[in-house]
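First comes the structure, then the notes that go with it.
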Amino acid sequence: MKKSDLIVVLCVAVVLVPFFIPATGFYAAFNTATEQLPFVMAFFKFAILATFGEMLALRIRKGNYYEKGFGVLPRMIVWGFLGICIAMAMVIFKTGVPRFMEILAGCEKGSLAAIFAESSFSWGKLGIAFCVSVLMNSIFAPVMMTFHKCTDIHILSNGGTVRGLFRPMKMTEYLKSIDWNAQWGLVIKKTIPLFWFPAHTITFILPANLQVLFAALLGVALGLILALAGNKK
Numbered sequence: 000m001k002k003s004d005l006i007v008v009l010c011v012a013v014v015l016v017p018f019f020i021p022a023t024g025f026y027a028a029f030n031t032a033t034e035q036l037p038f039v040m041a042f043f044k045f046a047i048l049a050t051f052g053e054m055l056a057l058r059i060r061k062g063n064y065y066e067k068g069f070g071v072l073p074r075m076i077v078w079g080f081l082g083i084c085i086a087m088a089m090v091i092f093k094t095g096v097p098r099f100m101e102i103l104a105g106c107e108k109g110s111l112a113a114i115f116a117e118s119s120f121s122w123g124k125l126g127i128a129f130c131v132s133v134l135m136n137s138i139f140a141p142v143m144m145t146f147h148k149c150t151d152i153h154i155l156s157n158g159g160t161v162r163g164l165f166r167p168m169k170m171t172e173y174l175k176s177i178d179w180n181a182q183w184g185l186v187i188k189k190t191i192p193l194f195w196f197p198a199h200t201i202t203f204i205l206p207a208n209l210q211v212l213f214a215a216l217l218g219v220a221l222g223l224i225l226a227l228a229g230n231k232k
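Residue numbers for the sequence shown follow numbering that gives the first Met the number 0, beginning at 0 and rising by one.
In structure tokens, the structure reads:
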């Protein structure tokens with residue numbers, strides 16, 4: 000274990016411990032902010048957690064949390080923006096899929112939405128959550144993942160600077176440079192059905208104030224999985 004690993008562990012502990020001490024009020028403040036400013040909080044949750052996941056993946060692949068041109072701040076900005084998009088998609092699909100299922104099954108309007116909104120667990124809620132996850136990850140996720148890959152190439156191509164992030168993106172060039180065997184064969188074709196379908200099913204049965212946070216944590220987990228898989232190859 001390197002000195003940098005100890006520093007990272009210490010920083011994570013300093014951030015997390017106050018949430019488990021009621022007297023600090025951190026957890027209550029977190030819930031209030033999530034309820035009142037959901038998209039702002041989504042920005043920061045993904046900016047911090049997803050970028051941290053990429054840094055952990057870099058540590059596994061190359062032995063360091065940072066390297067020249069990696070672009071921590073640009074990645075945080077991109078992930079923050081994607082976090083807002085993901086939070087938006089979750090609202091759209093959580094609302095739209097139950098209604099679509101009601102129309103498809105000929106159910107009374109609002110009947111499945113009511114089951115899905117229940118705070119307690121039920122098999123019906125689990126089934127609806129799975130359908131929401133499948134449709135969201137089949138329709139939204141491939142586009143989001145490919146866009147993220149393009150931003151990744153853009154950041155690296157511009158030296159990892161914030162100024163470079165805001166230069167025009169050469170989308171045609173970036174799309175051609177993607178390794179589609181990996182992007183389609185692994186990221187889309189395998190991680191979506193094998194990881195994201197079940198993972199987001201769990202996400203959608205959690206309390207609403209924890210769903211976006213859990214989704215961001217899943218991004219950290221997936222980054223580690225892909226990094227480990229890359230090392231094995």
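Built from N, CA and C at the ideal position, the CB exists for glycine as well.
- About 5 Å separates the Cβ atoms of Val131 and Phe92, confirming a contact at the 8 Å cut-off.
- Listed in chain order, the non-local C-beta contacts of Met54 below 6 Å within the same chain comprise Tyr64, local neighbours out to five positions each way being set aside.
- Between Ser121 and Ile152, the CB-CB gap reaches or exceeds 8 Å.
- For Val77, the CB contacts under 6 Å within the same chain, skipping 5 residues up- and downstream, are Thr150 in chain order.
- With 16 or more other Cβ atoms inside 10 Å of its own Cβ, Pro97 counts as buried.
- Under the three-state reduction of DSSP, Cys84 is assigned to helix.
- By the Cβ-count criterion, Phe165 is exposed, with fewer than 16 other Cβ atoms from all chains shown falling within 10 Å of its own Cβ.
- Straight-line spacing of the CA atoms in Met168 and Cys10 works out to 34 Å.
- Beta-carbon to beta-carbon, Phe194 and Leu221 are separated by about 6 Å, close enough to satisfy the 8 Å threshold.
- The C-beta distance from Phe69 to Gly159 rounds to 5 Å, short enough to fall under 8 Å.
- The region 38–53 makes no contact with the region 99–109: fewer than 3 CB pairs, one atom from each, lie closer than 8 Å.
- Only residues of its own chain outside the window of five on either side were considered, and among them Glu107, Lys108, Gly109, Ser110, Leu111, Ala112 have a CB closer than 8 Å to the CB of Glu101, listed in chain order.
- Listed in chain order, the non-local C-beta contacts of Lys148 below 7 Å within the same chain comprise Ile177, Gln182, local neighbours out to five positions each way being set aside.
- By the C-beta criterion, the region 205–215 is judged to be in contact with the region 16–34, since at least 3 inter-stretch pairs fall below 8 Å.
- DSSP, reduced to helix, strand and coil, places Phe146 within a helical segment of the structure shown.
- Fully contained in the region 9–38 are the following alpha helix (DSSP H) runs of length 4 or more, in chain order: 25–35.
- The straight-line gap separating the alpha-carbon atoms of Ser156 and Val71 is approximately 14 Å.
- Contact annotation: Phe51 and Val219 have beta-carbon atoms nearer than 8 Å.
- Excluding five sequence positions before and after Phe18, the CB atoms of its chain that fall closer than 8 Å to its own CB belong to Phe25, Tyr26, Phe29, given in chain order.
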